[in-house]
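J.: For the protein sequence lines, the chains are B and G, in the order given.
Counting in our numbering, the first sequence runs from 6 upward without gaps.
Counting in our numbering, the second sequence runs from 30 upward without gaps.
Glycine is no exception: its CB is placed at the ideal position from the N, C-alpha and C atoms.
Bear in mind that the values here come from a model prediction, so they are computed numbers and not experimental data.
Below you will find the structure I want to go over with you.
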Amino acid sequence: MPLSSRPVSRRTTLAAAPLLALAGCRWGPAEDGDEPAAEPSNAVPDEQQVKAALQAIADADAFVKDVSADHVGLAEPLAALTALHTAHQALIAKEGDTGTTVRMGTPTRATAALKAVRRRELGLQRTLTKLAGEVSSGELARTLAAMAAGVAQQVALLPETAKDADA
Amino acid sequence: MTGTDALQTTLAAEHAAVWIYGVLGGQTSQSSQPALYDAVTTAYVTHRSRRDQLVRWVRDADEVPVAAEVAYELPNAARTPAELKAIGLQVEQRCAAAYADLVGRTTEDERAWGVNALVESAVRQLDFDGDPTDLPGIDA
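Written as structure tokens, this is what we have:
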């Protein structure tokens, strides 16, 4: 399949803050409501890192959708991944954010396609982890780290083979 | 809250995790519950190592590491596999919240450590029958 590109529109942003309240616990983080350290007033607002995160999510998501379309039996086990990508995009995207994804062909065999999805998602996890270390905003770092953790959970739950996916 | 405060808070969570996993280890059978035994043993070793790293960082900051409590309250009787998993899941969720908070309040090595700890803890929650979430450490 030749490489092609298409614009990907994204939904309006949600401010992350409402989702970021910590669950209460007696020996967990402080519950005094104070926010992670605010960045200095002259801080760069991490735009490059947010763009890079959105691009990485869009690329991974496009691949998962292609695999789901090409291998119908994988659509159901991969549905949680696409839902996760959508949720993550909504968390950090601003209204009107668009991107372009490079479309790659998917493997012919379903098990190989599943392995390719796993590799792509692990790549996304690494990208989010790296970006979490780079951003100046503590709140954004926390969000990106949690996004990486969410991807890691879904990767751990992926079936090993197409046969497992059918089971 | 400063970065060192966040280290201390995370250390307090690790103290609890080490103590609780020690209890769970004594309640888990290697022969009849091998998967659960492995999960608990791995978690115990991991959290002990994380506790020790946090102690070093707090000392490096010229502060006194927060001490462990004498004991920690368990949420159930810790008798059945389901009860043991529920406790393990709660421990990981609380530690994940602490790691996420640490990530937001630190930079460089400490932040990177927090991100890795959060990712590991999120995956370990699945060993204890936890459900995946969009933002582990934040939404669960």
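For ARG80/G, report the span of its alpha helix (DSSP H) as first-last.
T.: 63-89
J.: Pick from GLY117/G, ARG88/G, ALA97/G: whose alpha carbon is nearest that of TYR66/G?
T.: Shortest Cα-Cα distance from TYR66/G to any of GLY117/G, ARG88/G, ALA97/G involves GLY117/G.
J.: So for VAL95/G, helix, strand or coil by DSSP?
T.: coil
J.: Would you report the Cα separation of ARG153/G and VAL52/G, rounded to the nearest angstrom?
T.: 18 Å
J.: By DSSP, does ARG114/B sit in helix, in strand, or in coil?
T.: coil
J.: What residues from the region 146-166 of chain G come within 7 Å of chain B, judged by C-beta to C-beta, listed N to C?
T.: LEU147, VAL148, ALA151, VAL152, LEU155, PRO161, THR162, ASP163, LEU164, PRO165, GLY166
J.: Pick helix, strand or coil for THR105/B, following the three-state DSSP scheme.
T.: strand
J.: Where does GLN59/G sit, in a helix, a strand or coil, going by DSSP?
T.: Note: GLN59/G maps to coil in three-state DSSP.
J.: Measure the C-alpha to C-alpha separation of THR135/G and ALA90/G and round it to an integer number of angstroms.
T.: 13 Å
J.: When the Cα of TRP142/G is compared with those of LEU119/B, THR134/B, THR111/B, LEU129/B, which residue comes out closest?
T.: THR134/B
J.: Can you grab the Cα-Cα spacing for the pair ASP81/G / GLY54/G, in whole Å?
T.: 20 Å
J.: Run through DSSP, which three-state label would SER73/B get?
T.: helix
J.: With H, G and I counted as helix, E and B as strand and the rest as coil, what does DSSP make of LEU118/G?
T.: helix
J.: Whole angstroms are fine: how far does the CA of ALA169/G sit from the CA of ALA72/G?
T.: Near 19 Å, if we compare the C-alpha coordinates of ALA169/G and ALA72/G.
J.: Within a Cβ cutoff of 6 Å, which residues of the same chain sit near ILE62/B, ignoring the five residues on either side of it in sequence?
T.: HIS90, HIS93, GLN94
J.: When burial is assigned at 16 or more other CB atoms within 10 Å of the CB, is SER73/B buried or exposed?
T.: buried
J.: Residues of chain B with CB closer than 9 Å to the CB of ARG140/G, please, in chain order.
T.: ALA137, GLY138, GLY143, ALA146, ALA150
J.: Helix, strand or coil for ASP158/G? Go by DSSP, reduced to three states.
T.: coil
J.: How would you list, in chain order, the residues of chain B whose beta-carbon sits under 7 Å from the beta-carbon of ALA129/G?
T.: Residues of chain B whose Cβ lies closer than 7 Å to the Cβ of ALA129/G are, in chain order, ARG147, ALA150, ALA151.
J.: Closest to VAL95/G by CA distance: which of LEU36/G, HIS76/G, ALA151/G is it?
T.: LEU36/G
J.: How would you list, in chain order, the residues of chain G whose beta-carbon sits under 8 Å from the beta-carbon of GLY155/B?
T.: ALA151, PRO161, THR162, ASP163, LEU164, PRO165
J.: Tell me, please, whether the region 149-159 of chain B touches the region 120-136 of chain B by the rule of three or more beta-carbon pairs shorter than 8 Å.
T.: yes
J.: State yes or no: is the beta carbon of VAL144/G nearer than 9 Å to at least one beta carbon in chain B?
T.: Chain B, which has a Cβ nearer than 9 Å to the Cβ of VAL144/G, makes this yes.
J.: At a Cβ threshold of 9 Å, is HIS93/B touching chain A?
T.: In the structure shown, chain A cannot be found, because the protein chains are B and G.
J.: Can you find the residues in the same chain that come closer than 6 Å, C-beta to C-beta, to LEU232/B, ignoring five residues on each side of it along the sequence?
T.: In the structure displayed, chain B extends from 6 to 172; residue 232/B sits before or after that span and is not available.
J.: Between the C-alpha atoms of GLU149/G and GLU137/G, what's the straight-line distance to the nearest angstrom?
T.: 18 Å
J.: Cα-Cα, which of GLY159/G, PHE157/G, ASN145/G is closest to ARG147/B?
T.: Nearest neighbour of ARG147/B by Cα position, chosen from GLY159/G, PHE157/G, ASN145/G, turns out to be ASN145/G.
J.: Under 7 Å between beta-carbons, which chain B residues line up against VAL132/G? List them in chain order, please.
T.: ALA137, ALA146, ARG147, ALA150
J.: Sorted by chain position, which residues of the same chain lie with C-beta nearer than 6 Å to ALA97/G's C-beta, five sequence neighbours on each side aside?
T.: For ALA97/G, the CB contacts under 6 Å within the same chain, skipping 5 residues up- and downstream, are HIS44 in chain order.
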